[in-house]
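*Asks:* Dumping the structure here so I can ask a few things about it.
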Amino acid sequence: MNFRQTRGRAREEVRLELTPLIDVVFLLLLFFLITTTFVRESHRQLPLDLPSAGSGQPAAESQRVVVFVSADGSLQLEDELVRKSEVPERLQRLYSEEPDIQLLIKGDKTTSYGHITDIIDMAKQTGFERVNLVVKPR
81 MNFRQTRGRA REEVRLELTP LIDVVFLLLL FFLITTTFVR ESHRQLPLDL PSAGSGQPAA
141 ESQRVVVFVS ADGSLQLEDE LVRKSEVPER LQRLYSEEPD IQLLIKGDKT TSYGHITDII
201 DMAKQTGFER VNLVVKPR
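Just so you know, we're using our numbering here: the sequence shown kicks off at 81 and counts up by one.
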């Protein structure tokens, strides 16, 4: 067998450089980590534009409590301004007095949806089963 030899120079090894590939992989990883963080935060602050409702029944006057949520997130419960930290305690007291009570949430048209979901979460943790958003009839 006759193997051909390169004349005068040694055969070069073919190498695959991994450094640029690793750099690109880390850049992609960093990009996806940052964008998913921003996406999660932006979903929490979606503005709530309360819809009009064409059907449905008005809530009964008895056995209900209304929480007003303003555009800046301030809360009014039982015609009294309250801090967000006081709401779970107040809701617990109302629920223990009347377990069948209905919670109505009235939010300003420009209220962030995050403020509304915070109230809904507090009500569910307290035990409220009847939580409704109030909208304007068409």
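Just so it is clear, CB atoms sit at the ideal spot from N, CA and C, and this is done for glycine as well. As the structure is a computational prediction, the values presented were derived from the model and not from experiment.
Of the residues Leu113, Ala151 and Val146, which one's Cα is nearest the Cα of Tyr193?
*Replies:* Per the Cα distances, Ala151.
*Asks:* Could you give the DSSP three-state label for Ile196: helix, strand or coil?
*Replies:* Here Ile196 sits in helix by DSSP.
*Asks:* So Arg170 is in the beta strand (DSSP E); what residue range does that whole segment cover?
*Replies:* Careful: Arg170 lies outside any beta strand (DSSP E), inside the alpha helix (DSSP H) at Val167 to Glu177.
*Asks:* Please classify Leu155: is it buried, with 16 or more other beta-carbons within 10 angstroms of its beta-carbon, or exposed?
*Replies:* Burial call: buried.
*Asks:* Report back the beta-carbon spacing between Ile199 and Val167 to the nearest angstrom; my notes put them in contact at under 8 Å.
*Replies:* 7 Å between Cβ atoms; contact.
*Asks:* Which first and last residues belong to the beta strand (DSSP E) in which Gly187 is found?
*Replies:* Start and end: Gln182 to Gly187.
*Asks:* Gly207: buried (16+ other C-beta within 10 angstroms of its C-beta) or exposed?
*Replies:* It is exposed - the Cβ of Gly207 has fewer than 16 other Cβ atoms within 10 Å.
*Asks:* Going by beta carbon distance, what residues of the same chain come within less than 8 Å of Asn212, once the five residues before and after it are set aside?
*Replies:* Counting only Cβ-Cβ distances below 8 Å, and skipping sequence neighbours, we find Ala139, Gln182, Leu183, Leu184 and Ile185.
*Asks:* Using the Cβ count rule (16 or more neighbours within 10 Å means buried), how would you classify Val147?
*Replies:* Classification for Val147: buried.
*Asks:* Quick one, which of Met202, Val162, Val149 and Leu108 has its alpha-carbon nearest Gln172's?
*Replies:* For Gln172, the nearest C-alpha among the options comes from Met202.
*Asks:* Helix or strand or just coil, what does DSSP make of Val148?
*Replies:* Note on identity: in this sequence residue 148 is Phe, with Val being the wrong assignment. DSSP places Phe148 in strand when its eight states are reduced to three.
*Asks:* For Val145 versus Leu174, is the C-beta spacing smaller than 7 Å?
*Replies:* Contact flag set, yes.
*Asks:* Can you tell me whether His123 is helix, strand or coil according to DSSP?
*Replies:* Here the model assigns His123 a pLDDT of 42, short of 50, so the residue's position is not dependable, and the following value carries that caveat. The answer is helix: DSSP assigns His123 an H, G or I state.
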